[in-house]
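In the UniProt record's numbering, the protein residues as written are 1 to 148.
Spelled out as structure tokens, the structure:
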């Protein structure tokens, strides 16, 4: 957005100098190039600041801590992660099978949960039990029948 290379700044600074030597190692070059490098660096830093101050770009570019600090200044705190649980998880398997407490079950996408109690599947091969996610965060939230 703001970034320009040092050579671009140098060309802008010397664009009106037609009758003076501006090639490498000339007096003009040696005088203006350090400034061009600094201006290039500052323009790069401006781009980084823009990434830090907007919510979407801060999170996309690894500036979450800066974003959290800014939110805290406004009295907004991040919600703590929770562990997903449910009381009626449908399990499908071989009829009469028993699933022990602590067994790992999962969705078709590989999101895993552990059973909170032992469950025996009925004659149709279906059973219900409560489960707890094996990890934290919203990726463990799953809609009913969604196979998330």
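For each residue, glycine too, the CB sits at the ideal point set by N, CA and C. All figures in this text were calculated on a predicted structure; none of them were measured in a lab.
Taking the Cβ atom as the reference point for each residue, do residue 125 and residue 95 lie within a distance shorter than 7 Å?
-> yes
- Message: Is the separation between the beta-carbon of residue 36 and that of residue 6 shorter than 7 Å?
- Response: yes
Residues bridged to residue 89 (per DSSP)
129
Quiz item: How would you write the range of the beta strand (DSSP E) that residue 104 sits in, first residue to last?
Solution: 104 to 106
In angstroms, rounded to a whole number, what distance separates the CA positions of residue 66 and residue 82? 23 Å
Beta carbon of residue 84, beta carbon of residue 128: below 7 Å?
no
Check your understanding: What's the C-alpha gap between residue 38 and residue 113?
Key -> 54 Å
Next item on the list: Could you check the C-alpha separation between residue 14 and residue 22 for me, to the nearest Å?
Entry: 7 Å
query: In this structure, what does DSSP give as the bridge partners for residue 113?
result: 105, 133
Proximity winner among 108, 130, 104, 110, relative to residue 116 (alpha-carbon distances):
130
request  = For residue 3, I'd like the list of residues in its chain whose CB is within less than 6 Å of its CB, leaving aside the five on either flank, ordered along the chain.
outcome  = 43, 44, 47
Round the Cβ separation of residue 86 and residue 120 to the nearest angstrom and send it over; I've been treating them as touching at under 8 Å.
The pair is not a contact, with the Cβ atoms about 19 Å apart (cut-off 8 Å).
Within the same chain, show all residues whose beta-carbon is closer than 7 Å to that of residue 123, passing over the 5 residues directly before and after it, in chain order.
95
Continuous alpha helix (DSSP H) stretch holding residue 66: start and end: 64 to 73
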